[in-house]
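Student: There's a structure below that I have some questions on.
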Amino acid sequence: MNAPLGGIWLWLPLLLTWLTPEVSSSWWYMRATGGSSRVMCDNVPGLVSRQRQLCHRHPDVMRAIGLGVAEWTAECQHQFRQHRWNCNTLDRDHSLFGRVLLRSKSPALVELRGAVPAVKRFLKQECKCHGVSGSCTLRTCWLAMADFRKTGDYLWRKYNGAIQVVMNQDGTGFTVANKRFKKPTKNDLVYFENSPDYCIRDREAGSPGTAGRVCNLTSRGMDSCEVMCCGRGYDTSRVTRMTKCECKFHWCCAVRCQDCVEALDVHTCKAPKSADWAAPT
């Protein structure tokens, strides 16, 4: 989304979110709502009348927000691609996070108070010249968002240093859960509860489980078959794919390759042995 950022781009989504607490997760519904802005405004759950009016009043902004949510969801899935939880959803649950997960560590990566400063951190100035023959007698400049990968990498580093907190008894703030850790700053990510293990499908927690997820047989990290599959084992299937091979440089100046068929083993996690389990889509 390398679009210019006027004031409306910053205050409208924040205003709609602040008006009612239920809307904070409803923005993620936009990633699954296609079509016109009217369809989007009429179908986002949790909006009150005033919010829907604002939504209809700024159709271009709403479309941009929908595209931004979809782009950020893809970036979130990239950052968690080797983890059991990778920003996926359950059937017919477009909030991206279940009711339980919203207080745990993983969704802290994309919560509003952490994401907005991160996006603003990488704003860049873009300019366009006006004048005869590129004389640039007049120049128009605006702030535009950089590639989401920069923001995603920055938030990923913050996520790995996220701090667990507990609410004060009077409800006016929070303190660190473990006194050995430093007090979080305004730039730190915080969370209330430890994340579930995400091993099995849990609708209340918003976890689709890891059954069917691809794992790495040779890895010893989070993407290993032992960790990803939660000890349930894995299935192996032989697949073929088309790749470029025997590439040669031809003067001047092109690289020409042959199309080759490559066979490889793909390992996917087994499903739990439970009668009431259903594979997520």
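In mature numbering (1 follows the signal peptide of the UniProt record, and there is no 0), the protein residues as written are -25 to -1, 1 to 256.
Note that CB positions come from ideal geometry on N, CA and C, so glycine has one too.
Computed from a prediction, not measured in an experiment: that's the story for all the values here.
Find the nearest neighbour of Gly136 within the set Tyr166, Arg114, Phe149, Pro20, judged by alpha-carbon distance.
Tutor: Tyr166
Student: Give every residue of the same chain whose Cβ lies closer than 6 Å to the Cβ of Phe97, excluding the five residues on either side of it in the sequence, and list them in chain order.
Tutor: Ala121, Lys125, Thr126
Student: Can you tell me whether Trp60 is buried or exposed, with buried defined as 16 or more other CB within 10 angstroms of its CB?
Tutor: buried
Student: Here's the rule: buried if 16 or more other CB atoms are within 10 angstroms of the residue's CB, otherwise exposed. What is Ser(-1)?
Tutor: Note that Ser(-1) scores 48 on pLDDT, short of 50, meaning its location in the model is unreliable; the coordinates nonetheless yield the value given after this. Counting every other CB atom within 10 Å of its CB across the protein chains shown gives Ser(-1) a total of 16 or more, marking it as buried.
Student: What residues in its chain sit with their C-beta under 6 Å from that of Arg216, if we drop five residues either side in the sequence?
Tutor: Glu237
Student: Rounding to the nearest angstrom, what Cα-Cα distance links His33 and Asp172 in this structure?
Tutor: 41 Å
Student: Who are the near neighbours of Arg188 in its chain, counting only those whose CB is closer than 7 Å to its CB and skipping five residues on each side?
Tutor: Met203, Thr243, Cys244
Student: Quickly, what does DSSP pair Cys104 with across the bridge? List them, please.
Tutor: Arg114
Student: Quick one, are the C-beta atoms of Ser199 and Asn191 less than 8 Å apart?
Tutor: Their beta carbons are under 8 Å apart, which means Ser199 touches Asn191 by this criterion.
Student: State buried or exposed for Val44, treating a residue as buried only when at least 16 other CB atoms are found within 10 Å of its CB.
Tutor: buried
Student: On the CB-based measure, 16 or more other CB atoms within 10 Å of its CB, does Asn169 come out buried or exposed?
Tutor: Exposed: under 16 other Cβ atoms inside 10 Å.
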